[in-house]
Amino acid sequence: MLISVTGRQLRIEWNSKLRFTAASAAAAAAKQRIASHQAGGVNRDPLEGSTLHRASMPTSWADLAANSASENAGTSNSTAPTRPVYVPPHLRNRAASASASTESPPAPPNVSSNNNVGSRWGAPRNGWGNRTGVWDRREVNPFEDQEDAAEEGAAASGEEQGNMGINFDAYEDIPVETTGENVPPPVNTFAEIDLGDALNQNIRRCKYVKPTPVQRHAIPISLGGRDLMACAQTGSGKTAAFCFPIISGIMRGQGQAPLRPPRGARTVYPLALVLSPTRELSVQILEEARKFSYQTGVRVVVAYGGAPINQQLRELERGVDILVATPGRLVDLLERARVSLQMIKYLALDEADRMLDMGFEPQIRKIVEQMDMPPPGARQTMLFSATFPREIQRLASDFLSNYVFLAVGRVGSSTDLIVQRVEYVQESDKRSHLMDLLHAQRANGVQGKQALTLVFVETKKGADALEHWLCRNGFPATTIHGDRSQQERELALRSFKTGNTPILVATDVAARGLDIPHVAHVVNFDVPNDIDDYVHRIGRTGRAGKKGLATAFFNDNNASLARPLADLMQEANQEVPDWLSRYAARSSIGGGRNRRTGGSRFGGRDFRREGSFSRGGSDYYSTGNNSGGYGNSGGYGGGYGPGVTSAWD
DNA sequence: AAAAAAT
């Protein structure tokens, strides 16, 4: 006890000292990085990335020694300060699988006496590096529920297990196109890709039989070391598409990394960063990533606002390889120097258009460009966005290096998975109309877990009011919006997912990315002003290839959406009511400012091509390479032949 | 105009 107190005090003292050196070291590192980058010294291929780290590492030995000394001061088995050794995750886990059941598994020789292994794995007391083995006993089994369920009822098929049962047939005719130089060819199966045993096992546990279109294309591109700009929505298998290459890359331990940079002892150095717009989405990504990285030794940690920071700091101190974060909280952590981005090899931006809509561009630019993150080319960057407007194009050219552009058609765009209905409902009739729908649903016996209803409203107050009203009228409802505490939000989401309150009233906080199985019906109680928001909202149903229904309450207040809505429905082979067509014709006179840009069923297209078209030159990106251009499903016998070209006509 | 996000 005394020792730990002493150790703590010592660490605090050292910390303040180190803060000074950390700043100058970071500056030196940045200079060095820029210099080596300019000199071409940075290895652009992460698959042989060892030079990357060496080139960018600060080498102040004195600071390292000081750091080691301070870390060792409070512990009993310390010897002379040793050189911090990086042990890649695949080695960390080696002892684990061999001796998971043993009480005290043997430690790899290079770890055993290393209390200063460092900050990435956090405080010595908690980090794996300090324990007798590398097995993280605290790693909870993310598949527990599922395995329990499987034991109880052996009949539990994939289909029964929520989003595990993906209807792959629905994906078959999703059009995909890639552009860029030397695009790595897509794969048809996970087996074709060398992701490693541990990851393959997790893929099996997830019951993923076959990669989705975005995965088929994106995974080889990322494994090939290329940057990626992907137009795809959540629900298309995006999370796995960026997680698999990251986890596999980290496990390969590309680049014997190195000495721990001299920085505050409590600074952590994640290898991968995933940015997402909302807290709930971050949590969801975390949960998926934990499944994928189970027993790989790769640690995933989440950081977001609205929750006590201390708990997140403790989690970080236990070590982090992949950090999932919302921008605000991450900036906070960076400013406190609790997180350094120096070691980032993978950067993934999820729902980038959403993040810009929410005004995150300054934070994102700060994180990516103004802190200590390696520059494009020295890291691998994946940018995901449902749409591809000018701002995203700018972001792409600033953040990415020689990237591959990948456009995946909307899930359900070419099938009738989501039945869209638009009903003309006056503002004052909305509640009773909703009640009618809910009664009808109940009468049809569609209720309970299998039929969750998600009701979107425009305002937070409106959400609360509607929730109350529904509850009073015998429909168990809950609500999620930005005025509720994070705890309330998470509780509401859980209660909805479990079917406890099968109606969720939500603002746009829930519009994008959230994957809730069994949402059978999305009601746009208030129609959004932006067609993209509409697309995202209805995308909460018809997930993973299942059928869904979307009903919109439309009235005179929504005139501006008439045209894009009618167009969209037509594209999706939905029946467009006559009155809506008339509305659309009337409102289109003013000019289609709200019209979708880019290709019909895709969120956008590679603007580099448009650029080359408009310059009148040859189409650089689609000629003279092995895979650019329309209908680029070469070598990929999957069933989307005709769909690809027609989607662009 | 509203929503989200750091405190």
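Residue numbers 1 to 649, in UniProt numbering, belong to the letters of the first sequence in order. No residue lacks a Cβ here, since even glycine has one placed at the ideal position from N, Cα and C.
| Counting Cβ pairs closer than 8 angstroms, one from the stretch 371-379 and one from the stretch 394-404, do we hit at least three? | yes
| Where does the unbroken beta strand (DSSP E) through R421 begin, and where does it stop? | I418 to Y424
| request: Tell me whether H439 sits in a helix, a strand or coil according to DSSP, three-state version. | output: helix
| query | Quick one: what does DSSP say residue 692 is sitting in, helix, strand or coil? | reply | Here the chain has residues from 1 to 649 only, and residue 692 is not among them.
| Would the beta-carbon of L281 fall within 8 angstroms of that of D353? | no
| To the nearest angstrom, how far is it from the Cα of G306 to the Cα of Q284? | 16 angstroms
| query | Any idea what DSSP makes of R379, helix, strand or coil? | reply | strand
| query | Just reading off the beta strand (DSSP E) that Y346 is part of, what are its end residues? | reply | Y346 to L349
| said: Give me the DSSP bridge partner(s) of M229. | reply: L383 and F405
| query | Cα separation between Y620 and Q215? | reply | Since pLDDT at Y620 reaches only 24, below the 50 mark, its modelled position is unreliable, and the value read off the structure follows with that caveat. Roughly 26 angstroms separates the two Cα atoms.
| Under a three-way DSSP split, which group does A451 fall into? | coil
| Who pairs with G548 in a beta bridge, going by DSSP? | I418
| query | How long is the line joining the alpha carbons of P327 and N202, rounded to whole angstroms? | reply | 29 angstroms
| message | Assess contact between the stretch 565-583 and the stretch 421-429, defined as three or more Cβ pairs (one per stretch) separated by less than 8 angstroms. Is contact present? | response | yes
| message | Spatial neighbours of A348 within its chain, please: C-beta separation below 6 angstroms, excluding the five flanking residues on both sides. | response | F242, V274 and M382
| field | Identity of the residue in Y346, K345 and L330 nearest V339 by Cα | value | L330
| My guess is that V455 and I392 are in contact by the Cβ rule of under 8 angstroms, so how many angstroms apart are they, rounded? | In fact, because the Cβ distance is near 30 angstroms, the residues do not count as touching under 8 angstroms.
| Proximity winner among V209, L333 and Y294, relative to A303 (alpha-carbon distances) | L333
| request: Just mark A492 as buried or exposed, buried being the case when its beta carbon has 16 or more other beta carbons within 10 Å. | output: buried
| request: Go ahead and pull the three-state DSSP assignment for T479. | output: strand
| said: Using DSSP's beta-bridge definition, name the partner residues of F553. | reply: E423
| request: Per DSSP, which residues does H518 bridge with? Please list them. | output: BP columns for H518 are empty, so no partner.
| task | Would you decide whether V209 is buried or exposed? Buried here means 16 or more other CB atoms lie within 10 Å of its CB. | result | exposed
| To which residues does DSSP link L504 through a beta bridge? | L454 and T478
| task | Determine the DSSP secondary structure at E177, reduced to helix, strand or coil. | result | strand
| Do A511 and D533 come within 8 angstroms of each other at the CB atom, strictly closer than that value? | yes
| query | If you run the structure through DSSP and keep just helix, strand and coil, what is I322? | reply | strand
| If you drop the 5 nearest sequence neighbours on each side, which residues of the same chain put their C-beta closer than 7 angstroms to that of M371? | L334 and L341
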